[in-house]
Each structure stands twice: as structure tokens, then as C-alpha cells.
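One structure is given here, and the rest of the page talks about it.
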Amino acid sequence: MPARVGVVTFPGSLDDRDAQRAVRLAGAEPVALWHADADLHGVDAVVLPGGFSYGDYLRCGAIARFAKVMPLIVDAAREGMPVLGICNGFQILCESHLLPGALVRNDHRTFNCLDQRLRIDNTSTPWTSGYTAGDEIVIPLKNGEGGYVADAATLDALEAEGRVVARYVGRNPNGSYRDIAGICNEQGNVVGLMPHPEHAIEDLTGPSTDGLAFFTSVLKSLVTA
Amino acid sequence: MIDTVSAAVADPEAEQPYAALGLKDDEYAKICEILGRRPTTSELAMYSVMWSEHCSYKSSKVHLRQFGEKVPDNASEVLLIGMGENAGVVDVGNGLAVTFKVESHNHPSFVEPHQGAATGVGGIVRDILTMGARPIAVMDPLRFGAADHPDTGRLIRGIVEGIGSYGNCLGLPNIGGEVVFDPSYNSNPLVNALCVGVLPADGIQLARADGPGNKVVLFGSRTGGDGIGGASVLASATFDADKPSRRPAVQMGDPFAEKLLIECCMEIFAERLVVGIQDLGAAGLSCATTELAAAGTGGMDVDLDLAPLRDPTLVPEEILMSESQERMMAVVTPANLDRFVELCHKWGVTATVIGTVTDTGRLVMRWHGETIVDVPPRTLAHDGPVYDRPYARPEWQDALQADSPSKLPRPASGDELRATLLTMVASPNLCSKRWVWEQYDRYVMGNTVLAMPDDAGVLRLDESTSTGIALATDGNGRFAKLDPYAGAQLALAEAYRNVSVTGARPIAATDCLNFGSPEDPDVMWQFAEATRGLADACQTLGTVITGGNVSFYNQTGSTPINPTPVVGVLGLVDDVHSRTRMGFRTAGDRLLLLGDTRDEFGGSEWAWTVHGHLGGLPPAVDLAAEIALGQSLVAAAVGGLVTSAHDLSDGGLAQALVESCLRHGLGASVSLDGDAFVALFSESTARALVTVGDGDDRLTALLAANGIPYTEIGVVTAHAALVVGDAFEVPLTELDEAFEGTLPRMFAHR
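Residue numbers (this note's numbering), protein chains in the order written: chain A, 1 to 225; chain B, 226 to 975.
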């Protein structure tokens, strides 16, 4: 039986179908999860996709955090289930306190959609184990509130513990502190990433296929787990 | 005190402010004749918006008829729904259909750039949704005043941000469009918005209220006080400094509400729960109720008290005219009503039954128990006034055409040509539009095969078959000013070429006709000529017009904009993997210039940018050459004969070379026969720049067989420079700085 990876749809989620496609092309079975679901339908991992959940009203991710499905995901994450939050999903993970810090308005104040170069710094998470440390990849970045911020102590701890998963290479596209594009929790199973690996899985539609390894990685980690 | 039908009967002589609402004396008299009494104030509000230029097409109708009369031979195979519905629908095979349309939101975007542009996107997306389709992409042809005009920064920042904020939040990739600057658009930017959607060919929804006893459901956002009178007053009146009172509120958009409406409608359509559906756009409830009733059984009873309001103080006239966004109206059988409401509830969409379909032939509305509207709906929706407005070739037209660019001094030496090239690529019209399109999400949905800066947007429709579509929009107001008949044809020809270049077969078109006041005979002549030219060319090229929009009164004081017909062309791709991309990819590839280059500079970017000159005749239209070129480009794509291709248009060969080099940082070495200036900067039509692999002669054989003239002009090089014979050389770094620097320098937030 293939691994089952849930993709949550909140009202205003946009990249949910894209994330499902990425899961499918990686060889796993995508499972659509609804924000009001009362259980996780037996999934092995969860993706919180990009978009504008609840219109980004109040603050990005601030309302989604209170969705009915979220306590289930928080509990499962604490027990080690792999969870990947992409863009708005990263914002939701921060609002849910599964990850430290916050994402704020881009320093140049405009929404930007570009092909972004990243360096993968941590390959010990279930989402990045298919990369080699130091790999540089190009995947789309698209956000208005993508600036990663945290206090100095948190940033130092993230660095010291190797929890910076990916960093922007070249021009910092949004003012993120220490060029941080993605981080993980202490156990490493929860990863938040501002750029979009699910948009770089086919030569036809993406700037590269560099993003696919996020999804094949988790599949491999589930099989070996 | 609410005006009722009985009050109208009892007090037939009451003074009514019909003139302030934009109705002429004879139009008001006709309303009284239709009703056999004076209208109530609610009825007056409805007639004023429905009979406005914006809703009734009263000045353009007699000319638009040509699109239905000059139909291309292939139209009957292609067209499932033609002009007249919310958008046309085209059969694309494999059980799928595509619907697309371009519309304007010009005047609101001048008043409030962010919201005006945002709600322009929202409105066209709802038109596509209403046809039963999932919207799958948007694109935005934009025109701004001179780049250095003091107000242009406010407008471009707000308009681009508004388009981005709305489209990005809806999750629709923005795959193309245009950004053009010209002083004729000072204080009157053009914000055209195109949306395309896909649907099952047997899943088309229509705007019809059929079946007496069926329920009329208003769903989506609540009705508020925004955009009241927008349709008739804002869009139909020229900006005039003396009449600030004619600038009421622009609508406010809520893209999150529209995203929910889309997903909710997708589930409603999948379960086939509606008899008919209409979005609420211009003229809001007035338009939706009358159009649904007029196209269906013929009657409708509405209880206006039931309409959910954002502002409880609104009176019936305001509720009827409000253009609050993100609202739809559906006709649902009583048996399906519970399920319909359940799906709305699932998506958090408010749904309220406000009326019932009847067979009375009357649209009757009640408020607080009194009848306030009782009208035959066809008289609002279809029987509005039609004007064959006087038009005449402007007396300045001959002098304009006689003012040839041939007398303008031309660069001759290598240094002069080099300097001209750098000036041109850095000019606001030819420079990179990256600063604009990077504010739009082009990746969402994961089906974008090509987007900016490619010549056309290409989308995959179906992952299992890899079928797809291509879309491009074009329009050149300078060409249309010099010759509106040819100008409209050149807009179509360029969009047709842009679609062909990617390897797609053009099959249909949509148009947004942006002009000055129809009450000005000069403008009306431009409009008549442009529609005639466009209809003729659509027939020849086999691209049926499926729908579109007319925007009049684009002028400041008595000065109209350059006539600006914007044309969007839709093409089909059997396998999107075979698409042709723009940009040199491999050093050693040979460069071929397809088509004939003539000395044509009337209305050109060179004459305008370097000399500020607009005169003479636009480049010659050659539709037969466009067809032959297009067919060859499609065959080349399908056969894998080319490694890249780029349309030649504004800025000529020089611009195509620069863009193709900079795309992947490869150089080119070219040698040009004859006059290098003409070769580099002429804007002759029916041309493209393509590359083929070294030693690959399949394309040249195809071109020879198809009778396409071509010239081998050079090679792609690893040397990072554009080298033009012995004349000059420019490093790509210098070109890149010139090309990319302009818009951020002028408009980026600091």
C-alpha cells in the first residue's frame, strides 16, 4: 500500500491541488483533508499548502490555526508525524507554535513571484533526506508576507541546532533574517518552507524539478520508518 | 417615503430626476410609454442603469452586429456559445470546452486604482464562472499615461497591486497581458482584464430563469452601498473637472469571498443543481433579475426585503443599483434547493431565496408589502435604445497620414545604431515588464506551461492527454490612430502570431474596444472602422469573436485616447510538451528571420521613442502571410523543428534579438543585408525570429514548401554579447541593465 499523504484544504487554500499532484508524482497517495475534519483519515504525513487561508484576514495563518483539524495535526506532529507547511502553511505552523518565529510583510512591500535559488542546509528531516547538504535548488517563491523573523536567541538556537533547513542564495527576496527560507522543529519532523517545491516537480510547468525530492524524501522516510 | 406603483398611478406628473441619471428626454418618454405611466423611482433606477451605454451597448450595437454576420467558415465547428451570453464558449475536443473574455474596468481604476483594478479581475472571473467553468487563468492588458507623467506612478502601483492582490488571492495564474505607456492615456488608464475557464462541453450554464415556481436565490456577499450608480454614471460619463459629483464610490473587492464562491459553484455545477445562473456585475440586482427573467419563462416575483444587506439603511433604489462584488443569482428547483443551500453553507457562502420564477411576463418587486417594480423584463434587458450615431472621417486624418516618418533623421553609423538600440530597449514601452509580472502568481494550479515573458500564455488543460490552450492579447493605439481599420487588424494579427509562435492553432478571439466619446463623430468613425476591420480580419484568419466588451468615454475633456482595440486570441495545442519557447538556449543554433522586412516606421516604437513622432501609415496588413507563417510555426513546433521562436512586433528585430539573448544569457552574432537600421527597427508584420539546431535543415525545407520567405541572419553564441556585423557590439550586461532597470527605477516602492 502506498504511503498516504494528507493535504489540508482551508477556505482560501490555493496550492492544495498542486501539493496533491506533487504527492502523486512522488509515488504516494494524496488524501484531501478538509479544515473541518474530525479525524486525519489515517494519513502518514500532512502537507499544509500555500494560499490565503481565510483571506489572510487578521494575520496570515492566524485564523487557520483555530480550524477544527488543527489540534489533530498538532497532536500528530508532536508524536512525530511528518508535517510540511509551504508558504501559508509555514505561516500556519508558526501561528500554531509548532515552529518558532513569524513571517512578516516583505521588506520591499510588494508581492513577488520569482524563481528562487536556495541551499538545503539540513538533510536529516523526513522532507529533505533526499537532498545532499549544500545542494542548491531553484524553485518558485511567491508571497507578500515571507520575511522570516525571530528574536536573536531563537535564531541562534535554530542555527546551533541545525534547524535551518533551507536558506536563500543570492539576493534575499523578502528580508528574511539570516536568509532563512525554511526551518524545522526540534525533532525535525515538522518543516516550514516559504518557497514552493510543489511548483517545481515537472519540466513542463516548473523552473526545474528540484522540488520533487521534498515529496520523494517523505515517502522514503515513511517506508523505512 | 418609498415610491410605489400605486403612487406612480396616483401622481402621474411627479418630477423625476431622469436627466441626472443619464436618461435623455426621449428615453424617459419611451419608459413612460412602455409602462403606461411614469416609472417608480426604483423602476427609473433600473432603466437608467440597464439603458446606460455600459449595459445596453446602445451606440455600438449597430457596428457589433458585423461579428455575427462576418462569421469565419470554421465557426460552426468551434463555437458552442457565441456573443450575447456572459462569455463565449469554444469546443476544444475530448469533451472539454473553454470560455474566455476580456473586459474593461478603466474609469473605476483611475478613481481608485487598487480597488478598480481588483474588482475588474473579480468581475471577469465571475463572468467565466457563470458559464459553468472553472476559471483557470487571467491576463491584463494595461495602458498608462506617459511614464513620466506625475500621476502615472500612483496608477501603475495601485493597478498592478490591485490585480495582483485579487488574482493571487483567488489562486488564478496570471499568464500574460501588456503594459503600454502613452500620453493619450494620461488621466484615463485602460485596465482590461481577461479570464479563461474550462468546463465539460455538456456542462454549460445559461442565464435563464426557466420554470414557474422555481426559486430565485441570491448568494455570495451581502449587498452594500458600494458602487451605487457605477454602471450608468461612472462608466458612461467623461471625466470632467466641473462635475466631481459624478464620481461615486468604486466597488470594494473581497477576493476571499470570491474564492469561496468559485469553489461553491464548482460543487453546485458538478451536481447540476441550477436551472440558470447569472453573476451580479454592472447594474447589480437590476441586471441579474431582468436578464434572467428576459431570457427565461419571462416573469419573476422578487421580495426585496429578503436581500441580505451589509447596510440596513439602504433603500430599494440603492439595493437595485448597488454593484457590491462577489454576488451571484441562481434559479433552483424547489427539489434541489436544500442541497444547494447545504453546499453554500459548506463553503460559508450566504444564500437567500428572494423570489420565484413566474409566467406572468412581468418582473414584480415588493418592498415592505408594497409593489415598487412591475415591468416587462425584456424592455430593460433587450429593448433599450439603439443609436446609429453620426460618424465621419476626421478632417485631421489625411494630414496625419501624410506626415510620414520618412523625413525623420535615422541613425547610420555603428555607434548611432548602438545608441539607438540601448535607448529603445530602455524605453518604458520596450523595457522589461518584470517589475509588473513578478507581482502576479504565474505558478498556482500547476498547469502554466508558458507565461510572461513568453509571447503567449500556455496552459495545460488535461494532465492525462496533455492538451492545452494558448492565449495572447495585443493592441496598438498608435497604429489604430493612424488607421483604425488597419489598426484593429494589426492587433488581431499580432495576437494571432503570438499564439502561433508558441505552437498553438488560433481558433477564436475576444475583444475589448476602448474608445473616446461615441457622441464625437471622429471617435465614432474610429470605432466603426475598427470594428469593420476586426470583423473582416477575424473572418479571414478563422478566429471567430466569441464575446467582448466596449468601453466608450475614455477621454479627458474633449481629448479622446488613441483608439485602442485590444484583441485576445485563443489557440489550441494538442500536446503542450511540443510548445515553442522564447529565448536562445544553445550556442551554435542558427538564427532565421521569417517573413519580409520593409521600410515601415509609421506609428513605430522608434519614431515615437526617439522622435516623439506619430504620423504616416501603420505597417501593411498581410493576413495571407500571417496565416502561412502561423501554420508553419505550428508545424515547426509539432515536428520539433525549432529550438526557440519569438514574434517580431514593437521595436522590430532588434527587440526580439535582445529579449531572446537576455532570456538565458546567450549572445548572438548577426549580419544584416542592406540598410541595417531598417533591418533592426522596422515593424513589418508577419515576421518571427526562430532558431534551429546547427545542421538541421528540416525547417528551411518546410518554409520553402510553404512559400515563407526567410533569411539566415546569424548564430547563437556563448560570447555574452549581441554583435551586429561590423556595425556594433553590446555586452549582455549592458543590455540587461538597460532592459531591466527602467520600471523599478521609475516605480518601485523605496
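Each residue gets a CB set at the ideal place from its N, CA and C atoms; glycine is no exception.
Here the structure is a predicted model, which means the values were calculated and not measured.
Just checking: is the beta-carbon of residue i within a distance shorter than 9 Å of some beta-carbon in chain B?
i: Arg11/A; result: The sequence given here has Pro at residue 11/A, not Arg. By this cut-off, Pro11/A is an interface position.
i: Gly61/A; result: no
i: Asp15/A; result: yes
i: Ile137/A; result: no
i: Gly27/A; result: no
i: Tyr285/A; result: The structure shown does not extend to residue 285/A, since chain A is modelled only from 1 through 225, so no value can be given for it.
i: Tyr54/A; result: yes
i: Arg21/A; result: yes
i: Asp75/A; result: no
Would you call residue i buried or exposed, if buried means 16 or more other Cβ atoms sit within 10 Å of its Cβ?
i: Thr463/B; result: Bear in mind that the predicted position of Thr463/B carries a pLDDT of just 43, short of 50, making it unreliable; the figure below should be weighed with that in mind. Buried: at least 16 other Cβ atoms inside 10 Å.
i: Thr324/B; result: buried
i: Leu531/B; result: exposed
i: Ser13/A; result: buried
i: Tyr253/B; result: buried
i: Ala456/B; result: In this prediction, Ala456/B has a pLDDT of 40, which is less than 50 and means its spatial position is unreliable; what the coordinates show is noted afterwards. Ala456/B comes out buried.
i: Gly392/B; result: buried
i: Ser1032/B; result: Absent from the structure is residue 1032/B, since the part of chain B shown begins at 226 and ends at 975.
Under 8 Å by Cβ, that's how I've got residue i and residue j pegged, so tell me the actual separation to the nearest angstrom.
i: Ala371/B; j: Asn411/B; result: 6 Å
i: Val169/A; j: Glu136/A; result: 6 Å
i: Leu33/A; j: Leu40/A; result: 7 Å
i: Ala760/B; j: Phe292/B; result: 5 Å
i: Leu891/B; j: Val941/B; result: 5 Å
i: Val315/B; j: Leu304/B; result: 6 Å
i: Ala181/A; j: Arg163/A; result: Wrong, their Cβ atoms sit about 13 Å apart, outside the cutoff.
I need the DSSP call for residue i, collapsed to helix, strand or coil.
i: Phe369/B; result: strand
i: Tyr935/B; result: strand
i: Val903/B; result: helix
i: Val303/B; result: helix
i: Leu498/B; result: coil
i: Phe565/B; result: helix
i: Gln503/B; result: strand
i: Leu647/B; result: helix
i: Leu960/B; result: helix
i: Val835/B; result: helix
i: Ala862/B; result: helix
i: Ile180/A; result: strand
i: Cys490/B; result: helix
i: Val941/B; result: strand
i: Met546/B; result: helix
i: Asp465/B; result: Interpretation of Asp465/B is limited by its pLDDT of 44, a score under 50 that renders its predicted location unreliable; the figure taken from the coordinates is listed afterwards. The answer is coil: DSSP assigns Asp465/B none of H, G, I, E or B.
i: His330/B; result: coil
Comparing the C-beta of residue i with each C-beta of chain A, is any distance below 9 Å?
i: Cys420/B; result: no
i: Arg685/B; result: yes
i: Ala482/B; result: yes
i: Asp569/B; result: At residue 569/B the sequence reads Cys, which differs from the Asp that was named. Answer no: the Cβ-Cβ gap between Cys569/B and chain A never drops below 9 Å.
i: Leu305/B; result: no
i: Phe464/B; result: Any reading at Phe464/B must be qualified, since the residue scores a pLDDT of 43, below 50, and its modelled position is unreliable; no value is offered.
i: Ala681/B; result: no
i: Thr690/B; result: no
i: Val674/B; result: yes
i: Glu238/B; result: no
i: Asp961/B; result: no
i: Ala695/B; result: no
i: Glu965/B; result: no
- Item | Contact residues within the stretch 640–669 of chain B, judged by C-beta distance below 7 Å to chain A | Glu663, Gln664, Tyr665, Asp666, Arg667, Tyr668 and Val669
- Residues of the stretch 795–825 of chain B with Cβ closer than 8 Å to any Cβ of chain A, in chain order: Val801 and His802
- Please name the residues in the stretch 203–218 of chain A whose beta-carbon is closer than 7 Å to at least one beta-carbon of chain B, in chain order. Leu204 and Thr205
- Message: Tell me which residues of the stretch 884–898 of chain B have at least one Cβ-Cβ distance to chain A shorter than 8 Å, keeping chain order.
- Response: none
- Item | Short-range partners of chain A found in the stretch 346–374 of chain B, where Cβ spacing is below 8 Å | none
- Got a sec: which bits of the stretch 141–159 of chain A sit with their beta carbon under 7 Å from any beta carbon on chain B, in order along the chain? Lys142
- Message: By the 9 Å beta-carbon criterion, what residues does the stretch 99–132 of chain A contribute toward chain B?
- Response: His108, Arg109, Thr110, Phe111, Asn112, Cys113 and Leu114
- Task: Give, in chain order, every residue of the stretch 175–200 of chain A whose Cβ lies closer than 8 Å to some Cβ of chain B.
- Result: His196, Glu198 and His199
- Please list the residues of the stretch 30–53 of chain A that have a C-beta atom closer than 7 Å to any C-beta atom in chain B, keeping them in chain order. Gly51 and Phe52
- Contacting positions in the stretch 313–342 of chain B - beta carbon closer than 7 Å to chain A: none
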